[in-house]
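Remarks on the structure that follows.
There are 2 protein chains.
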Amino acid sequence: MSPSLERRPPVMADVATRAGVSHQTVSRVLNDHPNVRAETRARVLEAINELGYRRNMVARALVTRHTRTLGVVSFDTTLYGPASTVYGIEQAARAAGYFVSMVSLKTIDTAGVRDALGYLAEQSVDGIVVVAPQRSAAPALADVPTDIPVVAVEGSHAGEVSVVSVDQIEGARLATRHLLDLGHETVWHVAGPSDWLEADGRIEGWSEVLTAEGRPVPELLSGDWSPRSGYEAGLRLAATPGVTAVFVANDQMALGALRAFAELGVRVPEQISIVGFDDIPESEFFTPPLTTIRQDFGAVGKYSIEVLLRQMEAGAEWSHERHVVPPRFVARASTAPFRA
Amino acid sequence: MSPSLERRPPVMADVATRAGVSHQTVSRVLNDHPNVRAETRARVLEAINELGYRRNMVARALVTRHTRTLGVVSFDTTLYGPASTVYGIEQAARAAGYFVSMVSLKTIDTAGVRDALGYLAEQSVDGIVVVAPQRSAAPALADVPTDIPVVAVEGSHAGEVSVVSVDQIEGARLATRHLLDLGHETVWHVAGPSDWLEADGRIEGWSEVLTAEGRPVPELLSGDWSPRSGYEAGLRLAATPGVTAVFVANDQMALGALRAFAELGVRVPEQISIVGFDDIPESEFFTPPLTTIRQDFGAVGKYSIEVLLRQMEAGAEWSHERHVVPPRFVARASTAPFRA
DNA sequence: GCAGGAGATGTGAACGCTAACAAGAGAGTA
DNA sequence: TACTCTCTTGTTAGCGTTCACATCTCCTGC
Chain A
1 MSPSLERRPP VMADVATRAG VSHQTVSRVL NDHPNVRAET RARVLEAINE
51 LGYRRNMVAR ALVTRHTRTL GVVSFDTTLY GPASTVYGIE QAARAAGYFV
101 SMVSLKTIDT AGVRDALGYL AEQSVDGIVV VAPQRSAAPA LADVPTDIPV
151 VAVEGSHAGE VSVVSVDQIE GARLATRHLL DLGHETVWHV AGPSDWLEAD
201 GRIEGWSEVL TAEGRPVPEL LSGDWSPRSG YEAGLRLAAT PGVTAVFVAN
251 DQMALGALRA FAELGVRVPE QISIVGFDDI PESEFFTPPL TTIRQDFGAV
301 GKYSIEVLLR QMEAGAEWSH ERHVVPPRFV ARASTAPFRA
Chain B
1 MSPSLERRPP VMADVATRAG VSHQTVSRVL NDHPNVRAET RARVLEAINE
51 LGYRRNMVAR ALVTRHTRTL GVVSFDTTLY GPASTVYGIE QAARAAGYFV
101 SMVSLKTIDT AGVRDALGYL AEQSVDGIVV VAPQRSAAPA LADVPTDIPV
151 VAVEGSHAGE VSVVSVDQIE GARLATRHLL DLGHETVWHV AGPSDWLEAD
201 GRIEGWSEVL TAEGRPVPEL LSGDWSPRSG YEAGLRLAAT PGVTAVFVAN
251 DQMALGALRA FAELGVRVPE QISIVGFDDI PESEFFTPPL TTIRQDFGAV
301 GKYSIEVLLR QMEAGAEWSH ERHVVPPRFV ARASTAPFRA
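Going down the list, the protein sequences come from chains A and B. Residue numbering for the first sequence follows this note's numbering, beginning at 1 and increasing consecutively. Residue numbering for the second sequence follows this note's numbering, beginning at 1 and increasing consecutively.
What follows is the structure, encoded as structure tokens:
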């Protein structure tokens with residue numbers, strides 16, 4: 001416990017002494033500065049090895065004024081979508097040489113997002129990605145600290161920030177058109193929670209196609225993304241006469257609906273066709289395998305980092321960008337032509 | 001672009017000047033030091049507000065020698081298990097006032113884990129949680145830098161590090177016993193990839209019960225956790241005579257097996273009973289709803305942070321701990337008594 | 001009325017690194 | 001030979017905090 005006994009990890013000066021050079025030369029070697037004699041460099045590297053020296057990034061960050069760390073604010077990373085997005089972000093960030101500091105919110109609200117941004121700002125992150133698909137997160141993004149670049153993923157594009165997102169409206173159009181093309185008179189929709197922008201976009205694409213085709217727009221059902229809420233919606237739909245085609249806002253709810261139909265003896269796709277959204281790894285093995293809309297979460301992560309890095313480089317004169325990732329229709333066995 | 005124009009964020013000295021005190025007094029206010037006159041404190045807080053000052057944690061970390069950041073090394077956070085564990089860790093860490101710096105590996109190997117640990121050490125994280133359920137990660141944990149506390153989650157307990165994990169063996173026992181109790185002669189097993197410790201544990205618990213009960217131990221099938229690999233195993237099992245009960249090492253593979261059986265007209269649970277593992281949110285809505293073993297990932301996250309913090313506090317004289325979270329049997333509709 | 005002590009505040013020196021500048025050595029040129 | 005130029009290395013001064021210590025003020029008690 002005496003101070004002389006508890007050995008501190010070696011610092012640059014220790015390496016310098018050992019190699020018989022100045023600490024600055026050690027710094028030059030570490031930073032690949034060209035003007036160092038090969039022999040000197042070798043000597044320094046040897047000393048580094050012998051001492052097991054590791055550079056202190058905190059001290060480095062203090063003087064360089066950047067931490068090579070990006071902040072990620074997210075919500076419920078247990079869900080497949082957010083989890084995949086965050087994974088994509090992390091991979092892309094590390095490929096670009098950045099660390100990722102995570103904050104996942106339990107509930108998303110303005111105060112929560114603002115706090116998270118504040119924390120990350122204190123940590124001097126070089127940039128922030130906010131995965132905040134709820135409308136209530138938008139106000140917090142409005143008064144984000146101006147000195148630090150921010151990119152929103154799946155966020156509202158109204159604000160001052162750049163946005164990267166999957167084209168939800170187009171995805172919903174694909175789903176709805178597919179069902180109409182199969183000869184169904186109209187398409188019912190089980191939407192996501194009303195606060196979610198993704199839920200909005202899917203409703204919009206759905207109703208847009210129906211209206212354009214002059215079809216009746218059935219009453220909207222909605223759930224909370226969970227299989228259970230899909231199950232309940234399924235029970236309601238099965239009890240409603242005339243339902244032959246349903247577009248469910250995500251695969252988990254679609255699973256619940258499938259379960260409800262199975263229990264009530266409603267055959268899919270013979271009696272009712274179902275299209276989901278997301279293409280989670282399980283969908284292909286549902287009973288029946290689910291026709292759905294695939295979102296490329298990896299691409300979203302990649303682009304969000306790309307946009308963020310560009311913004312960081314641009315410094316003061318950055319301009320908001322908007323990047324939209326196209327969804328893809330995936331045909332499986334849960335949809336079939338309408339038979340009267 | 002002129003240096004006078006690009007304004008830096010305010011620092012402690014700016015606040016001090018504005019409030020008419022020394023920087024040290026500002027520091028005291030920020031750190032809730034008791035010996036500050038109420039009026040002075042108010043003046044400082046006002047100045048902080050007016051200037052929009054935010055403390056620079058990097059500078060703080062340099063002198064206090066801790067960053068209040070924990071490192072988390074993980075693998076494929078797209079899978080439900082790892083994602084949930086990481087989420088639990090993140091929540092627990094933040095509740096304890098720590099940030100989380102994430103590194104998710106694409107492939108897990110000794111070099112990858114070692115690199116990740118090295119990076120995190122350079123970042124001066126105060127502690128590290130390694131979620132590395134593969135055996136190949138173990139060697140990297142052996143020569144972890146001694147100056148920084150590490151906890152392994154679902155990792156090998158052979159090494160020098162503390163381990164928090166779900167009792168896989170017991171889970172497998174519960175599943176196997178349940179099937180035997182239903183009158184099945186023996187139980188087949190679809191295992192996870194051979195490099196995974198969790199796969200091992202489940203095999204061990206399964207074969208242990210069969211052996212103890214004097215039942216034949218059928219040939220082992222195995223997959224890679226994916227629904228597709230479960231589907232393929234299912235096809236093989238359906239073609240094997242005498243199979244009446246199957247314990248599948250995770251729910252996703254169980255889903256694949258259910259699909260295979262459905263396609264071949266094998267009825268579950270009438271002809272074959274199936275038990276899964278994990279209890280993912282979807283399982284309850286499979287066709288039929290899946291009997292499975294629940295893992296409490298939230299608890300794992302919570303305990304891992306608890307153990308880590310304790311170890312950080314203990315400093316040099318820490319001792320390895322081992323915390324085991326019990327699994328829970330969840331009865332649903334995919335299992336039924338054996339009928340000859 | 002003054003020693004002693006507690007409370008409030010300030011001063012200087014770290015923390016471990018990089019940036020900016022300085023300086024010495026050797027090569028090339030007139 | 002002297003002069004410049006380039007290459008290599010060293011020296012000094014921060015970055016924005018906290019820590020250790022010094023100082024000043026005011027109160028208490030004899």
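Every residue gets a Cβ at the ideal spot worked out from N, C-alpha and C, and that includes glycine.
Got a sec? Which residues, its chain only, sit under 7 Å from Ile108 (chain A) by beta carbon, not counting five neighbours each side?
-> Phe75, Ala132, Gln134, Ser136 and Ala137
Quick one: measure Cβ to Cβ for Val164 (chain A) and Val300 (chain A), integer angstroms, because I've assumed they're closer than 8 Å.
-> 6 Å
By the criterion of Cβ-Cβ separation under 7 Å, what are the contact partners of Thr78 (chain A) in chain B?
-> Ala83, Ser84 and Tyr87
Using a Cβ-Cβ distance under 7 Å, would Met57 (chain B) count as near chain A?
-> yes
Under 8 Å from the C-beta of Asp147 (chain A): neighbouring residues of chain B | Pro9
Between the beta-carbon of Ile89 (chain B) and the beta-carbon of Ala121 (chain B), is there less than 7 Å?
-> no
Got a sec, what are the start and stop residues for the beta strand (DSSP E) Val131 (chain A) sits in?
-> Gly127 to Val131
Simplified DSSP assignment, three categories, for Val307 (chain A) | Val307 (chain A) falls in the helix class under three-state DSSP.
Report the residue from A:Val217, A:Pro241 and A:Gln295 whose alpha carbon sits nearest the alpha carbon of Val266 (chain A).
-> A:Pro241
Local conformation of Leu341 (chain B) per DSSP, three classes | Nothing about residue 341 (chain B) can be read from this structure; chain B reaches only from 1 to 340.
Got a sec: is the Cβ-Cβ distance from Gln123 (chain B) to anything in chain A below 7 Å?
-> yes
Chain B contact for Ser104 (chain A) (CB, 7 Å cutoff) | Yes - at least one Cβ of chain B is within 7 Å of the one on Ser104 (chain A).
Grouping DSSP H, G and I as helix and E and B as strand, with all else coil, what is Gly276 (chain A)?
-> coil
Taking the alpha carbon of Glu341 (chain B) as the point to measure from, which residue in A:Asn250, A:Gln271 and A:Trp206 has its own alpha carbon closest?
-> Residue 341 (chain B) lies beyond the range of chain B shown here (1 to 340); nothing can be said about it.
Buried versus exposed call for Lys106 (chain B) [16 or more other C-beta atoms within 10 Å across all chains shown] | exposed
Mind reading off the beta-carbon distance from Asp200 (chain A) to Pro326 (chain A)? Whole number of angstroms is fine, and I expect it under 8 Å.
-> The pair is not a contact, with the Cβ atoms about 18 Å apart (cut-off 8 Å).
Return the Cβ separation of Thr244 (chain B) and Ser273 (chain B) in integer angstroms, given the expectation that the two are a contact with Cβ distance under 8 Å.
-> 7 Å
Is DSSP giving Leu79 (chain A) helix, strand or coil here?
-> coil
Quick one: using the 10 Å Cβ neighbour count with 16 as the cut-off for buried, is Glu46 (chain A) buried or exposed?
-> exposed
Indicate whether at least one CB of chain A lies closer than 7 Å to the CB of Leu30 (chain B).
-> Chain A, which has no Cβ nearer than 7 Å to the Cβ of Leu30 (chain B), makes this no.
CA nearest to the CA of Leu174 (chain B), picked from B:Gly256, B:Gly214, B:Val153 and B:Phe247 | Nearest of B:Gly256, B:Gly214, B:Val153 and B:Phe247 to Leu174 (chain B), Cα basis: B:Phe247.
Please report the residue range of the alpha helix (DSSP H) in which His178 (chain A) lies.
-> Gln168 to Asp181
Examine chain B for any beta-carbon lying closer than 7 Å to the beta-carbon of Ala47 (chain A), and answer yes or no.
-> no
Which residue or residues does DSSP assign as beta-bridge partners of Phe152 (chain B)?
-> Per the sequence presented here, residue 152 (chain B) reads as Ala, with Phe not at that position. Answer is B:Val130 and B:Val163.
Using beta-carbon positions only, say whether Leu51 (chain A) and Asp14 (chain A) come within less than 7 Å of one another.
-> yes
Identify the contact partners of Arg332 (chain B) in chain A, using a Cβ-Cβ distance below 8 Å as the criterion.
-> Those within 8 Å of Arg332 (chain B) in chain A number zero; the least Cβ separation is about 11 Å.
Going along the chain, which residues of its own chain have a beta-carbon closer than 6 Å to the beta-carbon of Ile280 (chain B), five neighbours each way excluded?
-> Tyr80 and Asp251
Beta-carbon proximity check, Pro269 (chain A) vs Thr335 (chain A), cutoff 7 Å | yes
Just checking, does the segment 306-324 of chain A make contact with the segment 214-230 of chain A on the three C-beta pairs under 8 Å criterion?
-> Taking a cut-off of 8 Å for Cβ pairs, the segment 306-324 of chain A and the segment 214-230 of chain A do not touch, as fewer than three such pairs fall below it.
C-beta contact flag for Leu255 (chain B) and Pro227 (chain B) at 7 Å = yes
Interface residues of chain B around Ala61 (chain A) at Cβ under 8 Å?
-> By Cβ distance, chain B contributes Val58.
Count the other CB atoms within 10 Å of the CB of Glu213 (chain B); is the residue buried (16 or more) or exposed (fewer)?
-> With fewer than 16 neighbouring CB atoms inside 10 Å of its own CB, Glu213 (chain B) falls in the exposed class.
Limits of the unbroken alpha helix (DSSP H) element including His189 (chain B) = Taken as a continuous stretch (DSSP letters only), His189 (chain B) belongs to no alpha helix (DSSP H), being part of the beta strand (DSSP E) at Trp188 to Ala191.
How is the beta strand (DSSP E) around His323 (chain B) delimited, first residue to last?
-> Arg322 to Val325
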